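So the sequence lines, in the order shown, correspond to chains A and B. With the working numbering as the guide, the letters of the first sequence map in order to residues 1 to 349. With the working numbering as the guide, the letters of the second sequence map in order to residues 1001 to 1349.
Number of protein chains: 2
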Amino acid sequence: MTATLADVAARAQVSPATVSRVLNGNYPVAAATRERVLRAVDELDYVLNGPASSLAAATSDLVGILVNDIADPFFGIMAGAAQAAIGEERGAREKLSVICNTGGSPERELTYLTLLQRQRAAAVIVTGGALEDPAHQAAVGAKLARLADAGTRIVLCGRPPLPGDSVTATLAFDNRGGGRRLTEHLIGLGHRRIGYVAGPTERTTTRHRLEGHRAALEAAGLARTLDARVVHGSYDRRSGYDAALELLRREPELTALVAANDTVALGACAALRDRGLSVPGDVSVAGFVDLPFSADAVPALTTVRLPLYEAGARAGRLALGLEPAPPGGIATVHGELMVRASTAAPRAL
Amino acid sequence: MTATLADVAARAQVSPATVSRVLNGNYPVAAATRERVLRAVDELDYVLNGPASSLAAATSDLVGILVNDIADPFFGIMAGAAQAAIGEERGAREKLSVICNTGGSPERELTYLTLLQRQRAAAVIVTGGALEDPAHQAAVGAKLARLADAGTRIVLCGRPPLPGDSVTATLAFDNRGGGRRLTEHLIGLGHRRIGYVAGPTERTTTRHRLEGHRAALEAAGLARTLDARVVHGSYDRRSGYDAALELLRREPELTALVAANDTVALGACAALRDRGLSVPGDVSVAGFVDLPFSADAVPALTTVRLPLYEAGARAGRLALGLEPAPPGGIATVHGELMVRASTAAPRAL
DNA sequence: ATGCTGATAGCAAGCGCTTTCTACTGGGCA
DNA sequence: TGCCCAGTAGAAAGCGCTTGCTATCAGCAT
């Protein structure tokens, strides 16, 4: 069968304890002995038994990364970056960082958390907006607290802070600020009739971006008609398409459209195009996040760039304790307004 | 500290053995006893210790899914589908399926495989094209064989079959056939000067799609000039942009461009546009895979649709043994030609 | 010389669970 | 009335590793 520590020990003519120490490298072992052990490991093709090791040591080298939708590059980029950062760690025993896709389902989120708790994960990174549902938030909070109790490090990335002190670090995106700046840009161009294609009502991200939008409108004295010009949908392209049509129906004179994210924005562009409207000639369109393809769209999309890769990588380092937590445990990650070709002054200024 | 099986047993006034049997549900336990145990589990907020359980049972409930680039929806969709399929399993003890992003690095691929072996994973799904490097292929093959020996089920998804019998099932994409049909479509439209933006030389996927392209050209007696009209790059948009420019430089009279995948195709479109060429007016462009945004591109992309979601979900079921392996262990997944607006007859027929 | 010290190595006790084997129970049947 | 069996529950032996403590030993100061 598979070789065990004892087999290696026998072959190297040392005790199992010594082999374990060589493998974990935290106890002095004479160079000659070490070499002998390493040779035996190699000859036997020995691979540590993770479960046994985790059981004995009461810790594991699993790091879980929770995402809402892995098919969405927004999450793919963050998760990939976190995994890369974790994989780069040198010195310590190699961590196994794994991505868990909740598909946006609250139950699956909880299930994954339980599964990770069961594995006694070393750390878990939770990415993306939270659900608004207080009951679910409480459940997640409780789960995270239990995990933290058991020694698991918790990092939130692109998610609003959680009350309590179980979270090691939070990297929160400044969705409000970004949303506000985006709409200010549009107002600055002269737009007055601005529609908003929002994300799903049940996510915090949706609300925050929308709040930024509202703030900009209010500051310009344009908030009156806000509600009539907001349509909610999901975070996909199809939803953007439909919502754009709906907004146009409600208010044919719309001169600009702000979308919950880039994917939705591109869907909206498609709808406008199909209606014979040009972007930005007839209607300006703006997105959020700045995914790689947004710069290539036609026209190139004005959007708020979120440093997904950097945030993901940082989350990975924080999860490993390679980087000190920000003061207060919370760092706000700001977006940068990227003005491109999809927004312009409205035709009839 | 955290509650253990023994705590639950004490509380329910039964032996640990009984608790274990209730939790694993494979041994008769009287309904009343079961109920009492379940209540105790609930009251103590007990969560099984995975490592201990895996150690004792010599199996784990971890399923690993290896992908080359999780930021690419090609992988995101497959991996997400596999995870969804695995998460849907009812009855058995909940599996923890996890995605591991190799970033295309051979070493990381091997590292992840070792890490999964260390965890005594129940199954591993390897997605996406393999590296051409024989040494690396052999190393992966050997690793998979060892995993299989240890009882891990192996499923390849979107990857060419491997010699030997360690692989439980292989879902191979018909990249050659798809590539061939795509180019035939172009030839059928009247194109004769067709450029090809290939993927990285080191991946099997690249070669297979290119072989299909070549086959179509040969059948039409057009293979002569093939080599001069192929440029290799990576699988990203940028690479498509650059390659398109290079092809145009080599052969300004090009009337069509086939790309290694949709992302690359869109990059190529951008390049053409920047050069003042219209698609498909001046140059037709075709992709491969049919990612969600390809249908929305302007113009909508002609491509070969690969059923990523279905394949991923099936791979998940195969990994769990929920579905019988295809005869011979290998199933070929065919692509479907999606003719859209980005291809048309060349201007000067 | 003699004891002390730092550097290594081994012993053995678990970590929390699964599972084989054994033990007990009551009812059905002869 | 006594025996056997199906149905349940428990005892206990590990699974393969980590780690606190102890043991050994060479070198060195005294």
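Beta carbons: idealized from backbone N, C-alpha and C, even for Gly. This one's a predicted model, so the numbers in the text were calculated from it and none came from an experiment.
Contact list for residue i against chain A, beta-carbon separation under 9 Å
{"i": "Ser1060(B)", "result": "Gly50, Pro51, Gln119"}
Partners in chain B for residue i, counting only beta-carbon separations shorter than 7 Å
{"i": "Thr111(A)", "result": "Glu1094"}
{"i": "Ala47(A)", "result": "The question names Ala, but residue 47(A) in the sequence shown is Val. Those are Thr1114, Gln1117, Arg1118, listed as they occur along chain B."}
{"i": "Ala219(A)", "result": "The contacting residues do not exist; Ala219(A) stays about 34 Å from chain B at best."}
{"i": "Arg340(A)", "result": "Simply none; closest approach about 13 Å."}
{"i": "Pro292(A)", "result": "Arg1237"}
{"i": "Ser54(A)", "result": "Pro1051"}
{"i": "Val98(A)", "result": "Val1098, Ile1099, Cys1100"}
Partners in chain A for residue i, counting only beta-carbon separations shorter than 7 Å
{"i": "Cys1157(B)", "result": "Per Cβ cutoff of 7 Å: no residues; Cys1157(B) is ~15 Å from chain A at best."}
{"i": "Ala1071(B)", "result": "Pro73, Gly76, Ile77, Gly80"}
{"i": "Ala1150(B)", "result": "Thr2"}
{"i": "Ala1270(B)", "result": "Asp296"}
{"i": "Ile1330(B)", "result": "Those do not exist, as Ile1330(B) stays about 26 Å from chain A at its closest Cβ, beyond 7 Å."}
Distance, residue j Cα to residue i Cα
{"i": "Ala345(A)", "j": "Leu182(A)", "result": "14 Å"}
{"i": "Val41(A)", "j": "Thr33(A)", "result": "12 Å"}
{"i": "Ala1172(B)", "j": "Leu186(A)", "result": "49 Å"}
{"i": "Pro1160(B)", "j": "Ala81(A)", "result": "28 Å"}
{"i": "Thr263(A)", "j": "Gly179(A)", "result": "16 Å"}
{"i": "Glu1336(B)", "j": "Glu1310(B)", "result": "14 Å"}
{"i": "Ala265(A)", "j": "Ala52(A)", "result": "50 Å"}
{"i": "Ala1130(B)", "j": "Thr1205(B)", "result": "7 Å"}
{"i": "Asn68(A)", "j": "Ala216(A)", "result": "29 Å"}
{"i": "Glu1035(B)", "j": "Pro1324(B)", "result": "36 Å"}
{"i": "Ser1342(B)", "j": "Ala1244(B)", "result": "15 Å"}
{"i": "Arg238(A)", "j": "Ala268(A)", "result": "8 Å"}
{"i": "Asp1296(B)", "j": "Leu62(A)", "result": "39 Å"}
{"i": "Ile125(A)", "j": "Leu38(A)", "result": "34 Å"}
{"i": "Pro1163(B)", "j": "Glu211(A)", "result": "57 Å"}
{"i": "Thr127(A)", "j": "Val1304(B)", "result": "33 Å"}
{"i": "Ile1194(B)", "j": "Glu1253(B)", "result": "9 Å"}
{"i": "Leu222(A)", "j": "His191(A)", "result": "10 Å"}
Continuous alpha helix (DSSP H) stretch holding residue i: start and end
{"i": "Val1098(B)", "result": "Run containing Val1098(B): none in the alpha helix (DSSP H); it sits in the beta strand (DSSP E), 1096-1101."}
{"i": "Gly1316(B)", "result": "1308-1320"}
{"i": "Val1037(B)", "result": "1031-1044"}
{"i": "Arg153(A)", "result": "Element bounds for Arg153(A): not the alpha helix (DSSP H) but the beta strand (DSSP E), 153-157."}
{"i": "Tyr1241(B)", "result": "1237-1250"}
{"i": "Leu1291(B)", "result": "It is not in any alpha helix (DSSP H) - Leu1291(B) carries neither H nor E in the DSSP assignment."}
{"i": "Thr1114(B)", "result": "1106-1118"}
{"i": "Gly267(A)", "result": "262-274"}
Bridge partner(s) assigned by DSSP for residue i
{"i": "Phe74(A)", "result": "The partner list for Phe74(A) (beta bridge, DSSP) is empty, contrary to what the question assumes."}
{"i": "Ser1054(B)", "result": "DSSP, once it has assigned bridges, lists no residue as partnering Ser1054(B)."}
{"i": "Ser1015(B)", "result": "Its beta-bridge partners do not exist; DSSP assigns none."}
{"i": "Val1063(B)", "result": "Ser1097(B), Ala1123(B)"}
{"i": "Ile1086(B)", "result": "Answer is none; Ile1086(B) lacks a bridge partner."}
{"i": "Ala1135(B)", "result": "The partner list for Ala1135(B) (beta bridge, DSSP) is empty, contrary to what the question assumes."}
{"i": "Thr1302(B)", "result": "Ala1286(B)"}
{"i": "Leu1257(B)", "result": "Gly1195(B), Val1285(B)"}
Neighbouring residues, chain B, relative to residue i (Cβ below 9 Å)
{"i": "Gly380(A)", "result": "Because chain A is modelled from 1 through 349, residue 380(A) falls outside the range shown and cannot be assessed."}
{"i": "Arg21(A)", "result": "Neighbours of Arg21(A) on chain B: none; closest Cβ ~18 Å, over 9 Å."}
Residue i beta carbon near the ligand COA (any heavy atom closer than 7 Å)
{"i": "Cys1157(B)", "result": "You won't find the ligand COA in this model; it holds no ligand whatsoever."}
Per-residue contacts from residue i into chain B (C-beta, under 8 Å)
{"i": "Gly267(A)", "result": "Asp1296"}
{"i": "Val283(A)", "result": "Those do not exist, as Val283(A) stays about 15 Å from chain B at its closest Cβ, beyond 8 Å."}
{"i": "Arg273(A)", "result": "Val1298"}
{"i": "Arg108(A)", "result": "Gly1087"}
Residue span of the beta strand (DSSP E) that contains residue i, given as start and end
{"i": "His1232(B)", "result": "1230-1232"}
{"i": "Val333(A)", "result": "330-333"}
{"i": "Leu337(A)", "result": "336-338"}
Going residue by residue through the region 1165-1228 of chain B, where are the continuous beta strand (DSSP E) segments of at least 3 residues, counting only ones entirely within it? 1169-1173, 1194-1198
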